[in-house]
Amino acid sequence: MMSHKSNPAPALAAVVEDCPPGNFPLPNDEVRIRPQSNTDLDWVEKLQAEVFGPGRFARTAFRVRERFAVDPSLSLVAEIRGRPVGSVWMTPISLSGDNGYLLGPLATDPAFRNKGIGRALVREVTKKGMARNGVRFVLLVGDAPYYGPLGYELVTPGAIIFPGPVDAARILVHSKGKAMARELKGPIAAFVTE
Ligand SMILES: CC(C)(COP(=O)(O)OP(=O)(O)OC[C@H]1O[C@@H](n2cnc3c(N)ncnc32)[C@H](O)[C@@H]1OP(=O)(O)O)[C@@H](O)C(=O)NCCC(=O)NCCS
Numbered sequence: 108m109m110s111h112k113s114n115p116a117p118a119l120a121a122v123v124e125d126c127p128p129g130n131f132p133l134p135n136d137e138v139r140i141r142p143q144s145n146t147d148l149d150w151v152e153k154l155q156a157e158v159f160g161p162g163r164f165a166r167t168a169f170r171v172r173e174r175f176a177v178d179p180s181l182s183l184v185a186e187i188r189g190r191p192v193g194s195v196w197m198t199p200i201s202l203s204g205d206n207g208y209l210l211g212p213l214a215t216d217p218a219f220r221n222k223g224i225g226r227a228l229v230r231e232v233t234k235k236g237m238a239r240n241g242v243r244f245v246l247l248v249g250d251a252p253y254y255g256p257l258g259y260e261l262v263t264p265g266a267i268i269f270p271g272p273v274d275a276a277r278i279l280v281h282s283k284g285k286a287m288a289r290e291l292k293g294p295i296a297a298f299v300t301e
């Protein structure tokens, strides 16, 4: 039989709406990861401009994204209470004929840092990317202490050729098996479609 007891959730939700975001943790500060929509694009671009600055266009990873378009179906947004707070993109690429993705940019609104949003985005987009047909790896340029616990490891130094300078200690990969991480090599090329 259904209970007719009143539910306290609406009252809490009303309180939450009145609170400025990011000031203190609330019990329903749950992070929801969802696909990016067209209406998010301005916000995502502003966030990337804010956290990476004008230098972002000179980054080597940006050059990869210039050559091979970002996959919109793997552009994800994290939101808290309906407010977008984080974003991640993926670019389809290949290495020596093996298909995969380049992860990035990853960014969290500075007002919402250290709540697990970045890690949740990396986990979700990696899982979704690796589940795609024929995908064998997700590559990124980032800090090993951050991405290591999320299943990313260093590739063989000098093996992967980017279209610009990259610090070898920041080239990380999530792949199907340890051997693959060591064996990936060659220039970043277009995703191979049959
Ligand atoms: C990196 C970034 C996405 C993390 O977002 P976030 O939502 O705060 O991340 P999480 O809450 O999941 O993780 C925070 C933890 O990671 C740590 N961390 C953040 N950046 C780190 C880095 N570059 N290296 C190592 N640890 C890092 C934090 O100190 C924190 O540690 P704690 O859990 O021990 O307190 C965010 O700081 C950001 O947007 N930075 C600017 C853009 C950037 O550098 N993007 C990544 C480039 S690939």
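In this text, residue positions in the sequence shown follow the numbering used here: the first is 108, and each later residue adds one.
Here a beta-carbon is modelled for each residue, glycine too, at the ideal position from N, C-alpha and C.
When the Cα atoms are used, LEU154 and PRO212 turn out to be separated by approximately 10 angstroms.
Our two residues, TRP196 and ARG170, have alpha carbons roughly 14 angstroms apart in a direct line.
Comparing alpha-carbon positions, the option among TRP150, ALA266, VAL184 and ALA168 lying closest to LEU228 turns out to be VAL184. Pairing ILE140 with ASP178, the inter-Cα distance amounts to about 17 angstroms.
Scanning PRO217, LEU261 and GLU231 for the CA closest to the CA of MET287 turns up LEU261. Cα atoms of ASP274 and ARG174: separation of roughly 20 angstroms, rounded to the nearest angstrom. Counting other Cβ atoms within 10 Å of its Cβ, LEU291 reaches 16 or more and is therefore classed as buried. Counting the other CB atoms within 10 Å of its CB gives LEU148 a total below 16, which places it among the exposed residues. Here ALA168 is not near VAL280, since their CB atoms are 8 angstroms or more apart. Neighbourhood of ligand 1, defined by CB distance below 7 angstroms to any of its heavy atoms: VAL158, PHE159, GLY193, GLY211, PRO212, LEU213, ALA214, THR215, PHE219, ARG220, ASN221, LYS222, GLY223, ILE224, GLY225, ARG226, ALA227, LEU247, VAL248, GLY249, ASP250, PRO252 and TYR253, in chain order.
Rounded to whole angstroms, ARG243 and ILE267 show a C-alpha spacing of 15 angstroms.
Excluding sequence positions up to five before and after SER201, its CB lies within less than 6 angstroms of the CB of ALA296, PHE298 and VAL299, all in the same chain and listed in chain order.
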